[in-house]
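UniProt numbering numbers the first residue of the sequence shown as 1 and each following residue consecutively. Right, one structure below, let's go through it.
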Amino acid sequence: MTVTATQATPGHVPSGQTQPGGGAVHARRWRRVAPYLQAAPLAVTLILFLLIPILTILVVSFWDYDSVRVIPDFVLTNYAELLTSPVTWKTYLNTVKFAALTWAITLVIGFAVAYFLAFHIRSTSWQMVLFLVCTIPFWTSNIIRMISWIPFLGRNGLLNSTLIAAGVIDQPLEFLLFSDFSVVLAYVHLNALFMVVPIFNSMMRIDRALVEAARDAGAAGWQVVWNVILPLSKPGIAIGSIFVVTLVMGDFITVRLMSGGQSASIGLMIANEISLLQYPAAAANAVILLAVVLLMVAAMLRVVDIRKEL
1 MTVTATQATP GHVPSGQTQP GGGAVHARRW RRVAPYLQAA PLAVTLILFL LIPILTILVV
61 SFWDYDSVRV IPDFVLTNYA ELLTSPVTWK TYLNTVKFAA LTWAITLVIG FAVAYFLAFH
121 IRSTSWQMVL FLVCTIPFWT SNIIRMISWI PFLGRNGLLN STLIAAGVID QPLEFLLFSD
181 FSVVLAYVHL NALFMVVPIF NSMMRIDRAL VEAARDAGAA GWQVVWNVIL PLSKPGIAIG
241 SIFVVTLVMG DFITVRLMSG GQSASIGLMI ANEISLLQYP AAAANAVILL AVVLLMVAAM
301 LRVVDIRKEL
């Protein structure tokens, strides 16, 4: 009788059998790949709708143009004209002024409203009701909300008529409408909620035991706010500041409507260049504006670590 012996080679797995540990290997591979697959949809979205448009604007900013056409080229004329123009510097300073005033006023309003809702309204239901009341203005268009100020602030508007009838003033106040005052007022009206929401969210996370401990230690009300609530609310303040500053820096319709054409902003300058078909100049202006806003945001992030809020 002949016996045939089959020698098994090392690592060889007979047909129909599973190599020991194979499932663990596949599991480890899946764990390595899974995070990338989860991030892929967001990454594709950001590439298509953020990165590619920004790169397109950057490329167009180096093109040349004349009165009737855009010429694909690589020139530095657009940046040179913008950076050496006194009008550009004045417009940027004016825009930064609007952003700084709006930020300061909305910070005071946002902190006060958030503090009242978080620490003086005990009922969660009433907190939500009053918070929704704050959102009522956002149920309408920004333009409608801005236009509503015109009959109120006008020369013969409701405010001037009331003050004259009450004997407070003898003649209408001219600065109320179509001025920097009306522009800042509209900005505050439009953007205050963007400061209230993140600050309120930060305050709701504050441990109430810390507040009680400060009061038991003899701290006055303003000391509790300054030494306990304000430091713990900094992430929310930073997020709200980023929202407000970026929205004001990029806005153009508010300045056009509320200043009556007497003030300018970078967004309005870019809109005017686009209306004149000066796309490369508008693209260069947009790139500079983006760089300025990113520097401002970076400065805020150096002061406050908003990762505590996320």
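C-beta: ideal position from N, C-alpha, C; glycine also.
- Annotated three-state conformation of I71 is strand, per DSSP.
- Between G250 and F194, the C-beta gap is not smaller than 9 Å, which leaves the two residues out of contact.
- A straight line joining the alpha-carbon of L301 with that of I242 spans about 9 Å.
- The stretch 169–176 makes contact with the stretch 146–161; the number of CB pairs closer than 8 Å reaches 3 or more.
- Here S265 really is in contact with N94; their C-beta atoms are around 6 Å apart, less than 8 Å.
- If you compare the alpha carbons of G267, I237, L276, A220 with that of V303, the shortest gap goes to I237.
- Look at the beta carbons and you see the stretch 202–209 touching the stretch 105–121: at least three pairs across the two are nearer than 8 Å.
- Close CB contacts of A284 within its chain, under the 7 Å cut and outside five residues either way in sequence, are with S61, N78, Y79, L82 (chain order).
- Per the C-alpha coordinates, the member of V25, Y65, V59, A43 positioned closest to E273 is Y65.
- The DSSP-derived three-state label of D64 is strand.
- Put simply, of L50, V183, A166, L101 the residue whose alpha carbon is nearest the alpha carbon of V245 is L101.
- Nearest Cα to F152 within the set I136, S182, I105: S182.
- Using a 10 angstroms sphere on the CB of G267, the tally of other CB atoms reaches 16 or more, which defines it as buried.
- Boundaries of the alpha helix (DSSP H) around N142: 142–147.
- In this structure, P235 sits near P198, with a CB-CB distance shorter than 9 Å.
- Contact between W149 and A186 holds, with the beta-carbon distance rounding to 6 Å and staying under 8 Å.
- Only residues of its own chain outside the window of five on either side were considered, and among them I57, S61, I270 have a CB closer than 8 Å to the CB of A286, listed in chain order.
- In terms of CA proximity to A192, I105 leads the group I306, R122, P53, I105.
- Judged by DSSP in its simplified three-state form, D207 adopts coil rather than helix or strand.
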